[in-house]
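Protein chains: 2
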Amino acid sequence: MIQLEHISKTFLLGDQAVHALDDVTLTIASGDYLSVMGPSGSGKSTLLNVLGLLDQPDDGHYRLEGTDTTTLSEPERARYRREHIGFVFQSYHLVNRLSARENIELPLVLAGVPPKDRAPRVNEMLERLSLTDRATHLPNQLSGGQRQRVAIGRAIIMKPQLLLADEPTGNLDSKSGADVVTLLEELNQQGITLLVVTHDLALGQRARRRIRMVDGRIDSDGT
Amino acid sequence: MIQLEHISKTFLLGDQAVHALDDVTLTIASGDYLSVMGPSGSGKSTLLNVLGLLDQPDDGHYRLEGTDTTTLSEPERARYRREHIGFVFQSYHLVNRLSARENIELPLVLAGVPPKDRAPRVNEMLERLSLTDRATHLPNQLSGGQRQRVAIGRAIIMKPQLLLADEPTGNLDSKSGADVVTLLEELNQQGITLLVVTHDLALGQRARRRIRMVDGRIDSDGT
Ligand SMILES: Nc1ncnc2c1ncn2[C@@H]1O[C@H](COP(=O)(O)OP(=O)(O)OP(=O)(O)O)[C@@H](O)[C@H]1O
Ligand SMILES: Nc1ncnc2c1ncn2[C@@H]1O[C@H](COP(=O)(O)OP(=O)(O)OP(=O)(O)O)[C@@H](O)[C@H]1O
Ligand SMILES: [Mg+2]
Ligand SMILES: [Mg+2]
Numbered sequence: 035m036i037q038l039e040h041i042s043k044t045f046l047l048g049d050q051a052v053h054a055l056d057d058v059t060l061t062i063a064s065g066d067y068l069s070v071m072g073p074s075g076s077g078k079s080t081l082l083n084v085l086g087l088l089d090q091p092d093d094g095h096y097r098l099e100g101t102d103t104t105t106l107s108e109p110e111r112a113r114y115r116r117e118h119i120g121f122v123f124q125s126y127h128l129v130n131r132l133s134a135r136e137n138i139e140l141p142l143v144l145a146g147v148p149p150k151d152r153a154p155r156v157n158e159m160l161e162r163l164s165l166t167d168r169a170t171h172l173p174n175q176l177s178g179g180q181r182q183r184v185a186i187g188r189a190i191i192m193k194p195q196l197l198l199a200d201e202p203t204g205n206l207d208s209k210s211g212a213d214v215v216t217l218l219e220e221l222n223q224q225g226i227t228l229l230v231v232t233h234d235l236a237l238g239q240r241a242r243r244r245i246r247m248v249d250g251r252i253d254s255d256g257t
Numbered sequence: 035m036i037q038l039e040h041i042s043k044t045f046l047l048g049d050q051a052v053h054a055l056d057d058v059t060l061t062i063a064s065g066d067y068l069s070v071m072g073p074s075g076s077g078k079s080t081l082l083n084v085l086g087l088l089d090q091p092d093d094g095h096y097r098l099e100g101t102d103t104t105t106l107s108e109p110e111r112a113r114y115r116r117e118h119i120g121f122v123f124q125s126y127h128l129v130n131r132l133s134a135r136e137n138i139e140l141p142l143v144l145a146g147v148p149p150k151d152r153a154p155r156v157n158e159m160l161e162r163l164s165l166t167d168r169a170t171h172l173p174n175q176l177s178g179g180q181r182q183r184v185a186i187g188r189a190i191i192m193k194p195q196l197l198l199a200d201e202p203t204g205n206l207d208s209k210s211g212a213d214v215v216t217l218l219e220e221l222n223q224q225g226i227t228l229l230v231v232t233h234d235l236a237l238g239q240r241a242r243r244r245i246r247m248v249d250g251r252i253d254s255d256g257t
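If you read the protein sequences in the order shown, they are chains A and B. Basically our numbering = 1-based index in the first sequence + 34. Basically our numbering = 1-based index in the second sequence + 34.
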């Protein structure tokens with residue numbers, strides 16, 4: 035499903051070059067469940083941004099379902115993201131003027147799902163994430179962990195084919211974190227390809243396949 | 035040093051009342067080391083915001099070094115914060131147009147420390163937080179964990195009398211997290227009062243005194 039071949043991504047700041055991704059080669063089959071761990075700054079979020087079509091590599095090829103993504107125009111990439119990819123961002127990126135409910139509902143609205151079909155799906159998601167009592171709150175009226183759960187809800191409401199979760203439990207207590215992991219793993223059992231970046235060793239070890247990154251490179255890749 | 039007496043804080047949204055803090059009584063001696071744990075949404079950040087003079091309670095009294103803080107004007111509160119309190123925010127709140135170095139340096143600038151005295155202190159802090167190579171990066175050119183470390187550096191550079199850290203290791207790998215904890219505990223050993231909100235049980239158990247919050251109340255307070 036996913037083929038990264040000799041992917042590199044370098045940020046240039048003045049005369050300093052940061053090799054955020056350094057010759058990364060990785061094949062991921064549809065329905066896989068991978069964790070990505072590694073030191074702060076090792077390139078995990080950058081890897082997810084490339085996989086999620088949010089960022090283009092400077093070198094190498096990213097083939098997604100056989101298509102070379104570098105040949106896609108920006109509107110095509112945006113459309114592919116909307117239709118196939120769910121992304122839980124490390125810093126959430128919620129829409130500040132929309133409530134928890136409206137943030138989670140947004141992908142359904144963009145996909146043209148009619149209002150009467152949206153409500154039950156959003157209500158169920160709010161319930162699964164223990165956010166029902168906070169549905170009308172704006173992001174700045176939510177706790178850190180509540181915002182994180184809204185970000186998760188928005189990423190998964192469309193049951194996207196590829197789910198990229200960047201530190202999805204970092205601001206959650208053990209119970210809320212366990213509820214989220216249960217939800218993500220259910221989606222994987224239904225066939226969704228799941229990548230979880232995490233600093234939580236216990237969570238990382240739940241994945242069927244564990245990737246470790248160091249300095250922009252894949253240091254180990256095993257089961 | 036710190037006396038919270040029957041502190042309550044309620045957020046009103048339309049006709050819904052959220053009791054973020056519900057009759058909280060707590061005494062903290064100078065130099066104490068406390069952890070605050072509890073479910074997502076239980077009031078931990080709100081407690082820190084009240085302690086840090088960022089938010090006023092609706093009921094009860096907050097005495098700080100004998101002064102009833104409700105009698106302070108906003109400029110007096112701002113000055114007290116600047117001179118005595120260091121705050122690591124759950125969402126960092128870095129200044130986006132300032133580099134890592136400049137963000138960390140900011141409290142020294144506000145305190146009128148001369149440039150030639152600032153540089154060695156900032157350099158040492160960058161080194162302790164493994165940020166030397168990222169000193170000139172802007173926040174959007176940093177990884178999540180790097181931003182978290184900048185937020186920590188800024189909070190501690192003035193060695194404030196009271197240090198409030200809201201989930202300071204949430205986006206850090208185990209090594210960076212351990213380095214930060216070492217740094218915070220060193221400051222406590224030098225006499226700084228340290229409160230750490232965390233979802234990390236291992237970190238929470240390092241504190242001499244452990245507070246657990248549930249639904250805006252202190253559920254347990256023990257050593
Ligand atoms: N826009 C940018 N300009 C320059 N350097 C950048 C930029 N974005 C990221 N970097 C650098 O690239 C490296 C990889 O960043 P990335 O965000 O992928 O790390 P990470 O593994 O997700 O870290 P963390 O665990 O702290 O979230 C970091 O060292 C970071 O400073
Ligand atoms: N401005 C606000 N308006 C309404 N409700 C609010 C506001 N700010 C916070 N709340 C609510 O108050 C409660 C306590 O929030 P707080 O941020 O203190 O929780 P927390 O314990 O820090 O949670 P987390 O572990 O998720 O960070 C939450 O249920 C939250 O939804
Ligand atoms: Mg990251
Ligand atoms: Mg909080």
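Note that CB positions come from ideal geometry on N, CA and C, so glycine has one too.
Buried/exposed call for residue i, threshold 16 Cβ in 10 Å
{"i": "G100 of chain A", "result": "exposed"}
{"i": "N174 of chain B", "result": "exposed"}
{"i": "D234 of chain B", "result": "buried"}
{"i": "P141 of chain A", "result": "buried"}
{"i": "T232 of chain A", "result": "buried"}
{"i": "Q180 of chain A", "result": "buried"}
{"i": "T203 of chain A", "result": "buried"}
{"i": "L144 of chain A", "result": "exposed"}
{"i": "S262 of chain A", "result": "Missing from the structure shown is residue 262 of chain A; chain A here goes from 35 to 257 and no further."}
{"i": "K78 of chain B", "result": "buried"}
{"i": "E139 of chain A", "result": "buried"}
{"i": "G146 of chain A", "result": "exposed"}
{"i": "G72 of chain B", "result": "buried"}
{"i": "L85 of chain A", "result": "buried"}
Same chain, Cβ closer than 6 Å to residue i, neighbours up to 5 away in sequence not counted
{"i": "G120 of chain B", "result": "A189, I190, P194, L197"}
{"i": "T44 of chain A", "result": "A51, H53, D92"}
{"i": "L160 of chain B", "result": "T166, A169"}
Heavy atom of ligand 3 within 8 Å of residue i beta-carbon
{"i": "N205 of chain B", "result": "yes"}
{"i": "Q124 of chain A", "result": "yes"}
Nearest-angstrom beta carbon gap, residue j and residue i [assumed within contact, 8 Å]
{"i": "I41 of chain A", "j": "D93 of chain A", "result": "7 Å"}
{"i": "S164 of chain B", "j": "S210 of chain B", "result": "7 Å"}
{"i": "L206 of chain A", "j": "Q182 of chain A", "result": "6 Å"}
{"i": "L172 of chain A", "j": "N130 of chain A", "result": "7 Å"}
Under 9 Å between C-beta atoms of residue i and residue j
{"i": "A134 of chain A", "j": "T105 of chain A", "result": "no"}
{"i": "D56 of chain B", "j": "G250 of chain B", "result": "yes"}
{"i": "R111 of chain A", "j": "L87 of chain A", "result": "yes"}
{"i": "I252 of chain B", "j": "L60 of chain B", "result": "yes"}
{"i": "G75 of chain B", "j": "N137 of chain B", "result": "no"}
{"i": "R155 of chain A", "j": "L217 of chain A", "result": "no"}
{"i": "Q107 of chain A", "j": "S125 of chain B", "result": "Here the sequence assigns Ser to residue 107 of chain A, which means Gln is not the residue at that position. For S107 of chain A and S125 of chain B, no; Cβs fall outside 9 Å."}
8 Å CB neighbourhood of residue i in its chain, flanking five on each side removed
{"i": "L68 of chain B", "result": "I62, L228, L229, V230, A241, R242, R243, R244, I245"}
{"i": "D102 of chain B", "result": "H95, Y96"}
{"i": "D255 of chain B", "result": "L60, R243, R244, I245, R246"}
{"i": "L237 of chain A", "result": "S69, T203, G211, V215, V230"}
{"i": "H127 of chain B", "result": "A185"}
{"i": "R116 of chain B", "result": "P141, L144, A145"}
{"i": "L221 of chain B", "result": "I190, K193, L197, L228"}
Proximity test, residue i beta-carbon vs ligand 4 heavy atom, cut-off 8 Å
{"i": "E161 of chain B", "result": "no"}
{"i": "G179 of chain A", "result": "yes"}
{"i": "D234 of chain B", "result": "no"}
{"i": "V58 of chain B", "result": "no"}
Contact test: residue i Cβ vs ligand 1 heavy atom, cutoff 8 Å
{"i": "G77 of chain A", "result": "yes"}
{"i": "L176 of chain B", "result": "yes"}
{"i": "P91 of chain A", "result": "no"}
Cutoff 9 Å: residue i Cβ touching any chain E Cβ
{"i": "G211 of chain A", "result": "No chain E appears in the structure shown, which is made up of the protein chains A and B."}
Cβ-heavy atom distance, residue i to ligand 2, below 8 Å
{"i": "D200 of chain B", "result": "yes"}
{"i": "L237 of chain A", "result": "no"}
Cβ shell of residue i (< 7 Å), same chain only, five flanking positions each side left out
{"i": "F123 of chain A", "result": "A185, D200"}
{"i": "E39 of chain A", "result": "T59, G94, H95"}
{"i": "V306 of chain A", "result": "The structure shown does not extend to residue 306 of chain A, since chain A is modelled only from 35 through 257, so no value can be given for it."}
{"i": "E219 of chain B", "result": "none"}
{"i": "H118 of chain B", "result": "P194, Q195, L196"}
{"i": "T257 of chain B", "result": "R242, R243"}
Check: residue i C-beta below 8 Å from any heavy atom of ligand 5
{"i": "Q50 of chain B", "result": "With respect to ligand 5, the structure offers nothing, as its ligand set consists of ligand 1, ligand 2, ligand 3 and ligand 4."}
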